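So in our numbering, spot 135 of the sequence shown is number 161, and the numbers just go up one at a time.
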Amino acid sequence: MDELTARAAALVARHPHRARLRRVGTSRAGTPMWLLSVGHGTRHTLIVAGPHANEPVGGATVLRLAERALADPRLSEAADTTWNLLLSLDPDGSRRNEGWLRGPYTLGHHFRHFFRPGFLEQPEWLPDGAAGAVLPETRALLDLQDELRPFFQCSLHGVDVGGGFVELTRDLPGLAERVARIAARLGIPRELRPYDTLYWPCLGPAVYRIPPPRRGDLAAAITEAAVESTWFHPHRHGTVTAVVEAPMWGVAAVEDDSPAPDADAVLRTVSGVLRHDTRLLEELLARVRPTVSGTPDAARLLAPVDDYVLVGPGLADSWDPDVHDGAARPLPALDTARLTTLAISGRRVALRTAGLLHQLVTRAGHDPTGALPELDRLIDAWCADYRDGYGARWIPVARQAEYQARVVLAAFELAAGRPHLTGPPAPQPPCPDPRAESRADTRADSHSGEQGWSSEPAVPMHRE
Numbered sequence: 027m028d029e030l031t032a033r034a035a036a037l038v039a040r041h042p043h044r045a046r047l048r049r050v051g052t053s054r055a056g057t058p059m060w061l062l063s064v065g066h067g068t069r070h071t072l073i074v075a076g077p078h079a080n081e082p083v084g085g086a087t088v089l090r091l092a093e094r095a096l097a098d099p100r101l102s103e104a105a106d107t108t109w110n111l112l113l114s115l116d117p118d119g120s121r122r123n124e125g126w127l128r129g130p131y132t133l134g135h136h137f138r139h140f141f142r143p144g145f146l147e148q149p150e151w152l153p154d155g156a157a158g159a160v161l162p163e164t165r166a167l168l169d170l171q172d173e174l175r176p177f178f179q180c181s182l183h184g185v186d187v188g189g190g191f192v193e194l195t196r197d198l199p200g201l202a203e204r205v206a207r208i209a210a211r212l213g214i215p216r217e218l219r220p221y222d223t224l225y226w227p228c229l230g231p232a233v234y235r236i237p238p239p240r241r242g243d244l245a246a247a248i249t250e251a252a253v254e255s256t257w258f259h260p261h262r263h264g265t266v267t268a269v270v271e272a273p274m275w276g277v278a279a280v281e282d283d284s285p286a287p288d289a290d291a292v293l294r295t296v297s298g299v300l301r302h303d304t305r306l307l308e309e310l311l312a313r314v315r316p317t318v319s320g321t322p323d324a325a326r327l328l329a330p331v332d333d334y335v336l337v338g339p340g341l342a343d344s345w346d347p348d349v350h351d352g353a354a355r356p357l358p359a360l361d362t363a364r365l366t367t368l369a370i371s372g373r374r375v376a377l378r379t380a381g382l383l384h385q386l387v388t389r390a391g392h393d394p395t396g397a398l399p400e401l402d403r404l405i406d407a408w409c410a411d412y413r414d415g416y417g418a419r420w421i422p423v424a425r426q427a428e429y430q431a432r433v434v435l436a437a438f439e440l441a442a443g444r445p446h447l448t449g450p451p452a453p454q455p456p457c458p459d460p461r462a463e464s465r466a467d468t469r470a471d472s473h474s475g476e477q478g479w480s481s482e483p484a485v486p487m488h489r490e
């Protein structure tokens, strides 16, 4: 976080007449929340980095976007646009992930140092509506949205294992084709069937429309992100919001649309594995909780653990063909991409839970129940499954940020050409056949210890 703020301040020092940095809020721990603005146009964008604490690539992306806006007058002066870039929506949570940000970039190191707060502490969600928002980070973002009334808002997210995709509150025709070209050039797999979008309208391969918010139980909110949020808060101003997901470890199979030979058998296996893993973790949690409950910060780590243990069995039931009520809510077509995504999602719930329990025991400084060796064994085995079973490969940081920045710029260009996005979204046709799109090459070597959290371009844009 300190490096990100320092880089933003240095950029402002180099361009004092076109860039500025102002404090727009303060986190729960007293950390300043900084907004970097470029340009002096009457139309505003709002780009939000770090909405989820464990998804840090947005910090590198906003610096990259600021430099692009300063270098290309078509993005600012000619477009009458001011770029407003929030360096981090959850600076406290982001700081908790710095243990793995220094590398080595291995799955085991990542999950043993992973942190993401409990659902009710995630600043983009509005479970009680905007009027009931209590987190200072959330209130700062809401105030900023109402002040700027951006025509384009972007929330920068990251997928730990999988592929890239985009979620929109309004359609931007042509974005799916642009995402396909960007992904192919940079070797980023597109996630054609993300779990978050399981029941959402598809606007094109790897592009989905976020449904209007609805009231639901906590489990549905955690797993489907279909609750009131800051994504929809500026909707009344005509804002189009894009949620841009960039993967850290890419998996080629998440864009494999080939038919699955026995989808029901795969679903039974995936559901059974998740139930088994959840039972193991529940037993470990019952042993660990009494020994760590008095240690500093235990509540912050136990909250997400309780969330994950809560949703695990429900997820398994919602996928299991022997339990799921297909008549009430039939699952979408199950190809290799979707089955791969569901399996990765189930493993993600278990790995995050195990990683947080590992931190709880490690920070307590004692392990009277002998939980730590078991947690190490589970984390190692599940990470090996990601690496060897699904072919998860680290994507260099510079390429993650370059991909995300280009997708943001593509969405911005389309949104800027449609300033009056105030009507209801039109009915959407079925998704085009992804096989007609360019395929991404996901082969990338691991770069353990990589020093790449900078704003330098991965591929010189002027050469394209």
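Don't be surprised by glycine CBs; every beta carbon is placed ideally from N, CA and C. None of the values given here were measured: they were computed from a predicted structure.
Please classify residue i: is it buried, with 16 or more other beta-carbons within 10 angstroms of its beta-carbon, or exposed?
i, result
"residue 163", "buried"
"residue 150", "buried"
"residue 68", "exposed"
"residue 277", "buried"
"residue 185", "buried"
"residue 41", "exposed"
"residue 48", "exposed"
"residue 378", "buried"
"residue 323", "exposed"
"residue 325", "exposed"
"residue 81", "buried"
"residue 349", "exposed"
"residue 291", "exposed"
"residue 302", "exposed"
Report yes if the C-beta distance between residue i and residue j is below 8 Å; otherwise report no.
i, j, result
"residue 306", "residue 331", "no"
"residue 78", "residue 179", "no"
"residue 395", "residue 317", "yes"
"residue 168", "residue 259", "yes"
"residue 265", "residue 177", "yes"
"residue 45", "residue 96", "yes"
"residue 386", "residue 327", "yes"
"residue 390", "residue 321", "yes"
"residue 206", "residue 426", "no"
"residue 419", "residue 257", "no"
"residue 100", "residue 27", "no"
"residue 128", "residue 263", "no"
"residue 71", "residue 118", "no"
"residue 197", "residue 229", "yes"
"residue 113", "residue 35", "no"
"residue 401", "residue 384", "yes"
"residue 382", "residue 338", "no"
Would you identify the three-state DSSP class for residue i, choosing helix, strand or coil?
i, result
"residue 179", "strand"
"residue 233", "strand"
"residue 267", "strand"
"residue 209", "helix"
"residue 50", "strand"
"residue 194", "strand"
"residue 186", "strand"
"residue 166", "helix"
"residue 227", "coil"
"residue 340", "helix"
"residue 142", "coil"
"residue 272", "strand"
"residue 297", "helix"
"residue 316", "helix"
"residue 45", "strand"
"residue 285", "strand"
"residue 432", "helix"
Below 7 Å CB to CB, which residues in the same chain sit around residue i once its five sequence neighbours on both sides are set aside?
i, result
"residue 91", "73, 109, 111, 431 and 434"
"residue 218", "231, 232, 280, 281, 283, 363 and 460"
"residue 445", "Any reading at residue 445 must be qualified, since the residue scores a pLDDT of 38, below 50, and its modelled position is unreliable; no value is offered."
"residue 200", "440"
"residue 202", "229, 230, 231, 232 and 233"
When you compare the CB of residue i with every CB in chain C, is at least one pair closer than 8 Å?
i, result
"residue 31", "Absent from the structure is chain C; it holds one protein chain and no more."
In chain order, what residues of the same chain have a beta carbon less than 8 Å from the beta carbon of residue i, not counting five sequence neighbours either side?
i, result
"residue 161", "54, 147 and 149"
"residue 374", "186 and 187"
"residue 116", "53, 76, 77, 78, 79, 143, 148, 149 and 163"
"residue 165", "51 and 159"
"residue 392", "317"
"residue 450", "With a pLDDT of only 38 at residue 450, under the threshold of 50, the placement of this residue in the model should not be trusted; the figure read from the coordinates follows. If we look at residue 450 and ignore the five residues flanking it on each side, it has no Cβ neighbours."
"residue 59", "49, 50, 51, 52, 53, 112, 113, 114, 115, 117, 163 and 166"
"residue 365", "286, 289, 292, 293 and 296"
Which residues in the same chain as residue i place their Cβ atom closer than 6 Å to its Cβ, once the five residues preceding and following it in sequence are excluded?
i, result
"residue 170", "50"
"residue 87", "182, 427, 430 and 431"
"residue 204", "436"
"residue 84", "75, 76 and 182"
"residue 397", "310, 313, 314 and 387"
Only counting runs of 4 or more residues, tell me where the alpha helix (DSSP H) segments fall wholly within the stretch 54–125, in order along the chain. Runs found: 83–97 and 117–122.
I'd like the ranges of any alpha helix (DSSP H) spanning at least 4 consecutive residues and lying wholly in the stretch 344–418. If we require 4 residues or more, the alpha helix (DSSP H) runs fully inside the stretch 344–418 come out as 362–390 and 397–410.
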